[in-house]
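What follows is the structure, given as structure tokens:
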């Protein structure tokens, strides 16, 4: 019995997650800059434990949940988004579905929209787990390059040429992996293109509240107003805890029935109990104060890693771009022919982990010299040690594998 | 912008869940025999609350979970399945994935195996939410009729004719909706067919432990042994609580990588915290004693509803088949031209809910006079009142819509 004969085309199209592989390769004594994961010591454990206790006392939460998710949390989110200026006037809780993290929402939208062969616009580089879901469904990706102001509208138009795309997927604040934030001017220009060319915008915004400096941006979702072509994805993974697996998507009402039909066929619904625990946490705690604390801590971690890497490795050809928030440092490193091979070497021999940038590019052959460091889980002393190990790895790798080369 | 142009074929193929619709139609003062849902008073709330408290004290559970799910629970399940004689010798925790209820597992397998146009064998009647997932992926369904011993092997062979099917989906104990249990002889015959014709078996077994009388059956999964063509689906929804959204699938090891790749692209992973809470519950409580209690209570409910319906409605043409376990009574009711219309009438006018049997048949036009009652949530006094309302609805519906007809 040859299993390959049994697999669907989508099963054949999907492959392993490189980020998960790199994270596993490192082992427990490694210093990891691999995963875009909140720092465990910044998870509000006490508040969450109390919140779970309040939720677990409600017998109704142990029955089958409603398909869209726990209503009080959807109400809370709708109100919060409106107060934050992120939502158009028409948003109400019936335009919200709670999902198993953002990935659940990305998948729901991939299943709803993508027919094999469809064109999907994404940033380049972009979040690879989104690409996994889109490519599994058979999407052909049209990559739109980003600079420090976000995706470049002229390039988007150029890449589309005369073709039709279903949607543009974009991470709008402190993008994973490049750290860029889309300016409001860029958003306006891209919205205008979306209208003209007839595509949806999938606005993924998990890092919005981890801003270290500068002013908050607007959202496509709010800017589009009555032009109902934006789906907004939010998540509690980065600001409360990824383990609660609670994200959401907010969408124009005319998408609701179809999204709920697909969702039911996928999983009925994720657990209302964890959604209720998130709601109980939000009710009993000052989220604003928590976010201020997170931003302060993560800024400190960013600064420590930037300083340490610059000190140790800029002389070796590492160039970093410094984001105004989020979890990631993005950079380039000259003179490494195969960054994946180097990353494996560094993980194995020097116990330091990072992600070769090329895995974030939809097209093969791009981003060969780029590199991503996640600083969220690294305390300052780990950053110093990790940066030293990185520089050590770089030097010894070059010595072994390209001894003729000397950048100094 | 016409939304239809944006939807994938799968989005167009999926439709609303009739069971969810019927359940909603009834309203709060109705007596519902619609949903296959455990009785809230049989959910072990105290034990679950303690279990959630123990789980929520572990910070690691608030980080991103592993893709396959919480290892201690997978170990517990592997051991339990082995002790229960349900597992082949090769089963170990790496052949198990925890899912968002059984639906999560059904969907995972649908995505992995089904290519549009593929033939999938199911029982007829069968669980409609499984059909939703299979048909969404574009499966063509080959229905295999069941009798009181389960699916009929000769019919299965006849229906397949010379064609290739990817798998046979079967609910082996106290099947939803017909209540039938597949005998071990039938399993052996169908396994032999599976070998000969080269298809997988998807064995769905959520009701196994809700047996009221008679001896437990074997599993396809164990019977197949080294012939690794069975995937076994289990669930805590019916025996602990559906709200924990915790099911599992157990599979031959060579399926593991592909299932995990698909799972990651769908949702990364469901929350480990709820999986850990299930594990903590199982550790601290006597599951065997709990199952004995559940079986006694649900038997009582079955008996009450059977008695009440026979007393009130057998004179009106209702014929019931009495299952040896599970949640469902299945029957036929003569002289109703449109059972869906009647069900809507009964819900609206007499505040009693049940499901027209035809929605459980993969092919249109079958099961026109069949009907499903779920007894799990109905306490004996509700069954008496509900049966009276059902008889009242039947009489008045016949009077209004077919006044010439008189069965008495």
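Protein chains in written order, with the working numbering: chain A, 11 to 418; chain B, 11 to 418.
Beta carbons are placed, not taken as given, at the ideal position from N, Cα and C, and that holds for glycine.
Computed from a predicted structure; not experimentally measured.
Measuring alpha carbon to alpha carbon, tell me which of the options ends up nearest residue i.
i: residue 224 of chain B; options: B:309, B:157 and B:208; result: B:309
i: residue 98 of chain A; options: A:214, A:121, A:42 and A:234; result: A:234
i: residue 186 of chain A; options: A:391, A:161 and A:370; result: A:370
i: residue 11 of chain B; options: A:236, A:12 and A:167; result: A:236
i: residue 238 of chain B; options: B:126, B:101 and B:25; result: B:101
i: residue 58 of chain B; options: A:58, A:115 and A:67; result: A:67
i: residue 51 of chain A; options: A:174, A:360 and A:303; result: A:303
i: residue 261 of chain A; options: A:25, A:56 and A:103; result: A:103
i: residue 259 of chain B; options: B:87, B:65, B:35 and B:95; result: B:87
i: residue 115 of chain A; options: A:276, A:15, A:182 and A:365; result: A:276
i: residue 220 of chain B; options: B:227, B:249 and B:203; result: B:249
i: residue 191 of chain A; options: A:183, A:197 and A:198; result: A:183
i: residue 334 of chain A; options: A:22, A:313 and A:231; result: A:313
i: residue 287 of chain A; options: A:62, A:21 and A:158; result: A:62
i: residue 18 of chain B; options: A:119, A:39 and A:78; result: A:119
i: residue 32 of chain B; options: B:152, B:351 and B:329; result: B:351
i: residue 375 of chain A; options: A:158, A:241, A:204 and A:347; result: A:347
i: residue 395 of chain B; options: B:39, B:21 and B:15; result: B:39
i: residue 294 of chain A; options: A:71, A:125 and A:56; result: A:56
i: residue 124 of chain A; options: B:172, B:246 and B:15; result: B:15
i: residue 173 of chain A; options: A:152, A:163, A:181 and A:180; result: A:152
i: residue 41 of chain A; options: A:392, A:411, A:406 and A:405; result: A:392
Do residue i and residue j have their C-beta atoms closer together than 9 Å?
i: residue 271 of chain B; j: residue 45 of chain A; result: no
i: residue 129 of chain B; j: residue 150 of chain B; result: yes
i: residue 315 of chain B; j: residue 297 of chain B; result: no
i: residue 268 of chain A; j: residue 122 of chain A; result: yes
i: residue 112 of chain B; j: residue 283 of chain B; result: no
i: residue 73 of chain A; j: residue 60 of chain B; result: no
i: residue 344 of chain A; j: residue 363 of chain A; result: no
i: residue 222 of chain A; j: residue 177 of chain A; result: no
i: residue 425 of chain B; j: residue 36 of chain B; result: Lying before the first or after the last residue shown, residue 425 of chain B is absent from chain B, which here runs from 11 to 418.
i: residue 382 of chain B; j: residue 341 of chain B; result: yes
i: residue 318 of chain B; j: residue 360 of chain B; result: no
i: residue 386 of chain B; j: residue 311 of chain B; result: yes
i: residue 80 of chain A; j: residue 289 of chain A; result: yes
i: residue 207 of chain B; j: residue 175 of chain B; result: yes
i: residue 78 of chain B; j: residue 96 of chain B; result: no
i: residue 254 of chain B; j: residue 247 of chain B; result: yes
i: residue 142 of chain B; j: residue 203 of chain B; result: no
Using 8 Å for Cβ pairs, my map puts residue i next to residue j. What's the rounded Cβ distance?
i: residue 349 of chain A; j: residue 384 of chain A; result: About 16 Å; that fails the 8 Å criterion.
i: residue 109 of chain A; j: residue 280 of chain A; result: 7 Å
i: residue 274 of chain B; j: residue 30 of chain A; result: 7 Å
i: residue 160 of chain A; j: residue 134 of chain A; result: Their Cβ separation, rounded to whole angstroms, is 12 Å, which puts residue 160 of chain A and residue 134 of chain A out of contact at 8 Å.
i: residue 131 of chain A; j: residue 156 of chain A; result: Wrong, their Cβ atoms sit about 12 Å apart, outside the cutoff.
i: residue 229 of chain A; j: residue 213 of chain A; result: 6 Å
i: residue 366 of chain A; j: residue 353 of chain A; result: 5 Å
Contact set between the stretch 273 to 306 of chain A and chain B, restricted to residues whose Cβ is under 9 Å from the partner: So the list reads 274, 275, 276, 277, 278, 279, 280, 281, 282, 283, 284 and 287, given in the order they occur along the chain.
Every unbroken beta strand (DSSP E) within the stretch 325 to 385 of chain A, with a cutoff of 3 residues, ordered by chain: Those beta strand (DSSP E) runs which fall completely within the stretch 325 to 385 of chain A and span 3+ residues are 328 to 331, 338 to 343 and 380 to 384.
Against chain A: residues of the stretch 199 to 223 of chain B by CB proximity under 8 Å: Those would be 208 and 210, in chain order.
Short-range partners of chain B found in the stretch 14 to 27 of chain A, where Cβ spacing is below 7 Å: Residues are counted here when their Cβ sits less than 7 Å from a Cβ of chain B; for the stretch 14 to 27 of chain A these are 16, 17, 18, 19, 20, 21, 24, 25, 26 and 27, given in chain order.
Chain-ordered residues of the stretch 62 to 75 of chain A with a beta carbon less than 7 Å from chain B: Listed by position along the chain: 62, 63, 66, 67, 69, 71, 72, 73, 74 and 75.
Start-end ranges of the alpha helix (DSSP H) lying completely within the stretch 76 to 155 of chain A, minimum 4 residues: Correct list: 81 to 93, 111 to 123 and 138 to 146.
Residues, ordered as in the chain, of the stretch 101 to 132 of chain B that lie near chain A by beta-carbon distance below 7 Å: Within the stretch 101 to 132 of chain B, the residues whose Cβ lies closer than 7 Å to some Cβ of chain A are 110, 111, 113, 114, 117, 121, 122, 123, 124 and 125, listed in chain order.
Ordered list of alpha helix (DSSP H) runs contained in the stretch 285 to 325 of chain B, each at least 4 residues: DSSP runs (the alpha helix (DSSP H)) wholly in the stretch 285 to 325 of chain B: 297 to 323.
Uninterrupted alpha helix (DSSP H) stretches inside the stretch 186 to 225 of chain B (no shorter than 4 residues): With a minimum length of 4 residues, the continuous alpha helix (DSSP H) runs that stay inside the stretch 186 to 225 of chain B are 194 to 207.
Interface positions of the stretch 250 to 267 of chain A facing chain B (Cβ-Cβ less than 8 Å), listed along the chain: Listed by position, the residues of the stretch 250 to 267 of chain A near chain B (Cβ gap below 8 Å) are 251, 252, 253, 254, 255, 264, 265 and 267.
Members of the stretch 135 to 156 of chain A that neighbour chain B once the beta carbon cut-off is set at 8 Å: Residues of the stretch 135 to 156 of chain A with a Cβ closer than 8 Å to any Cβ of chain B, in chain order: 139, 142, 143, 146 and 147.
Interfacial residues, the stretch 368 to 383 of chain A to chain B, with Cβ spacing under 8 Å: Those residues of the stretch 368 to 383 of chain A that come within reach of chain B (Cβ to Cβ, closer than 8 Å) do not exist; the list is empty.
Residues of the stretch 34 to 53 of chain B whose Cβ lies closer than 9 Å to any Cβ of chain A, in chain order: For the stretch 34 to 53 of chain B, which is checked against every Cβ of chain A, the residues closer than 9 Å are 45, 47, 48, 50, 51 and 53.
Chain-ordered residues of the stretch 163 to 185 of chain B with a beta carbon less than 7 Å from chain A: Per Cβ criterion, the list reads 176.
Contact set between the stretch 74 to 98 of chain A and chain B, restricted to residues whose Cβ is under 8 Å from the partner: Listed by position along the chain: 74, 75 and 77.
Proximal residues, the stretch 223 to 239 of chain B versus chain A, C-beta separation under 8 Å: Cβ contacts with chain A come from 239.
Complete runs of the beta strand (DSSP E) confined to the stretch 162 to 189 of chain B [at least 3 residues]: With a minimum length of 3 residues, the continuous beta strand (DSSP E) runs that stay inside the stretch 162 to 189 of chain B are 175 to 181.
Start-end ranges of the beta strand (DSSP E) lying completely within the stretch 237 to 270 of chain A, minimum 3 residues: Taking only runs of at least 3 residues, the beta strand (DSSP E) segments lying wholly in the stretch 237 to 270 of chain A are 240 to 245 and 257 to 260.
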